[in-house]
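*Asks:* Have a look at the structure that comes next, please.
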Ligand code: GLU
């Protein structure tokens with residue numbers, strides 16, 4: 010039972026709608042979904058759209074569609090663009106508490122400072138020149154028409170420490186970090202402050218994201234503390250966990266990986282369950298199990314199984330997992346994607362041969378015809394002619410036919426089966442003939458055997 014004082018586990022997935030979700034985002038979304046579901050908690054979608062120029066509405070819709078397709082629908086959705094007033098209030102409170110200060114350096118000046126520091130072999134940390142400006146100097150600059158951007162003042166006296174759910178204890182010296190810019194001169198927001206405000210407002214208990222955010226977390230921990238002191242009394246800082254990044258098979262963060270989205274997967278016949286089965290376990294010490302149901306995957310989700318090494322995403326592995334999943338998809342799950350006339354028996358006969366559901370149409374043509382004319386030698390032509398004569402239609406025509414032919418001709422193995430398969434399907438391999446022959450039907454089967462016999 011949950012302790013009445015303990016807030017429910019609440020996670021969020023916070024994509025910026027500046028592009029389609031790629032496989033790395035999908036993995037983050039899935040893990041947050043599982044973490045919440047495992048504990049009976051809540052999973053929120055937060056659209057990080059403070060960057061009005063780069064954010065697009067069609068991407069917001071695509072993100073929702075993709076999550077639905079994956080079966081990871083959120084319990085609620087928030088949009089940063091609708092919360093600007095809340096950020097302003099938090100900003101004002103932090104400013105009143107002396108934690109936010111104006112700075113006037115231009116991008117060029119900052120770049121120059123960076124170069125000078127690097128040239129001296131020093132880390133390019135912001136030198137806090139703006140912190141030394143007096144009120145009069147600030148007023149004079151504003152009067153002269155300069156508009157400041159705004160930085161959060163890190164507390165250099167308090168070391169930053171957290172127990173990361175994947176990486177273990179993390180420590181940062183705040184003096185080695187730049188005071189982050191939280192708001193631009195035009196009033197727009199950078200990621201750092203709104204995200205912390207939202208996490209507090211939405212009661213997020215666990216932030217699980219990629220390790221490219223580790224240094225953001227260091228800074229945000231101080232932002233969280235300052236926000237709780239200034240305007241969110243009694244709220245809790247979330248727990249943090251950072252996943253190792255996903256890399257391609259060549260071991261690098263490839264461009265390809267960044268461009269692989271749900272649309273591309275869907276087009277290639279990848280089932281959402283395949284992505285889920287693979288991404289649930291990739292980078293963990295648990296095996297990828299195409300047969301595991303989502304509930305089982307969720308039940309075994311555990312940050313303690315996550316490794317620190319980059320997780321390799323292998324498209325060939327995804328294709329294998331996909332095929333295994335297609336082989337067990339029930340008819341009802343695929344009926345609307347199957348070729349006309351293909352019924353449950355047809356699906357069961359054909360699915361073991363499929364890498365994707367779409368391929369069912371190719372195999373179904375073996376049933377409906379026309380099929381390619383097989384080239385049989387004379388002996389085999391005589392053999393299939395005889396097959397047509399001994400064929401007795403029943404519930405199990407293939408078993409009856411092959412055992413009769415075996416007894417009569419002494420043929421076995423390949424010689425017994427292959428010419429029949431070729432005559433009946435025009436192919437040398439394919440679905441189990443015992444399942445396929447009843448679907449082809451007696452009249453078509455006889456016609457195909459006769460035609461093959463004629464050569
Ligand atoms: N919008 C941020 C990103 O996509 C969110 C990071 C976070 O999870 O806080 O990287």
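In the working numbering, the protein residues as written are 10 to 464. Backbone N, C-alpha and C fix where the C-beta goes; we use that ideal spot for every residue, glycine too. Because the structure is a prediction, the values reported are computed rather than measured.
1. Excluding five sequence neighbours on each side, which residues of the same chain lie with their C-beta closer than 6 Å to the C-beta of residue 11?
2. Helix, strand or coil for residue 134 per DSSP?
3. Where do the ends of the alpha helix (DSSP H) carrying residue 52 lie?
4. Run through DSSP, which three-state label would residue 11 get?
5. Just grab the DSSP bridge partners of residue 215 for me.
6. I want to check one thing, is the minimum distance from the CB of residue 222 to the heavy atoms of the ligand GLU below 7 Å?
7. Would a C-beta distance cut-off of 8 Å place residue 197 and residue 59 closer than the cut-off?
8. Rounded to whole angstroms, how far is the Cβ of residue 411 from the Cβ of residue 425, which I believe are closer than 8 Å?
9. Look at the Cβ atom of residue 387, then the Cβ atom of residue 455, and state whether they are nearer than 8 Å.
10. Do three or more CB pairs link the region 166-173 to the region 113-132 at distances below 8 Å?
11. Can you give the Cα-Cα distance for residue 24 and residue 152, rounded to whole angstroms?
12. Out of 459, 413, 227, state which residue places its alpha-carbon closest to the alpha-carbon of residue 205.
13. Determine the direct distance from the alpha carbon of residue 352 to that of residue 97, and round the result to whole angstroms.
14. Check each candidate in 174, 266, 180 and name the one with the smallest Cα separation from residue 247.
15. For the beta strand (DSSP E) holding residue 95, just list the boundary residues, first then last.
16. Hey, would you say the C-beta of residue 218 is under 7 Å away from at least one heavy atom of the ligand GLU?
17. Do you know offhand how far residue 100's Cα is from residue 347's?
18. Please report the straight-line C-alpha distance between residue 103 and residue 110, rounded to a whole angstrom.
19. Examine the ligand GLU and report whether any of its heavy atoms sits within less than 7 Å of the Cβ of residue 24.
20. Span of the beta strand (DSSP E) holding residue 160?
21. Could you give the DSSP three-state label for residue 402: helix, strand or coil?
22. Any idea which residues DSSP pairs residue 112 with across the strands?
*Replies:* Well, looking at it:
1. Summary for residue 11: the model assigns pLDDT 47, below 50, so the residue's position carries little reliability; its value from the coordinates is reported in the next sentence. If we look at residue 11 and ignore the five residues flanking it on each side, it has no Cβ neighbours.
2. Residue state for residue 134 is assigned as coil, using DSSP reduced to three classes.
3. Per DSSP, residue 52 belongs to no alpha helix (DSSP H); it is in the beta strand (DSSP E), 51-56.
4. Its pLDDT being 47, under 50, residue 11 is placed unreliably by the model, and the measurement read from it follows with that caveat. Note: residue 11 maps to coil in three-state DSSP.
5. Note: residue 215 sits in a beta bridge opposite 20, 248.
6. Annotation for residue 222 indicates a beta carbon within 7 Å of some heavy atom of the ligand GLU.
7. The criterion of a C-beta distance shorter than 8 Å is satisfied by residue 197 and residue 59.
8. Sure, about 6 Å apart at Cβ, within 8 Å.
9. If you check the CB distance, residue 387 and residue 455 do not come in under 8 Å.
10. Two segments are said to touch when three or more pairs of C-beta atoms, one from each, lie closer than 8 Å; by this definition the region 166-173 does not touch the region 113-132.
11. Each residue's Cα considered, the two are about 39 Å apart.
12. Comparing Cα positions, the closest option is 227.
13. Their Cα atoms are separated by approximately 60 Å.
14. Scanning 174, 266, 180 for the CA closest to the CA of residue 247 turns up 174.
15. Counting along the chain, residue 95 sits inside no beta strand (DSSP E); it lies in the alpha helix (DSSP H) bounded by residues 93-105.
16. The ligand GLU approaches residue 218 closely enough that one of its heavy atoms is under 7 Å from the residue's Cβ.
17. Rounded to whole angstroms, the separation of the alpha carbons of residue 347 and residue 100 is 56 Å.
18. Rounded to whole angstroms, residue 103 to residue 110 spans 9 Å at the Cα level.
19. Yes, since a heavy atom of the ligand GLU falls inside the 7 Å radius drawn around the Cβ of residue 24.
20. That run of the beta strand (DSSP E) goes 158-161.
21. In the structure shown, residue 402 sits in coil (DSSP, three-state: anything other than H, G, I, E or B).
22. Note: residue 112 sits in a beta bridge opposite 158.
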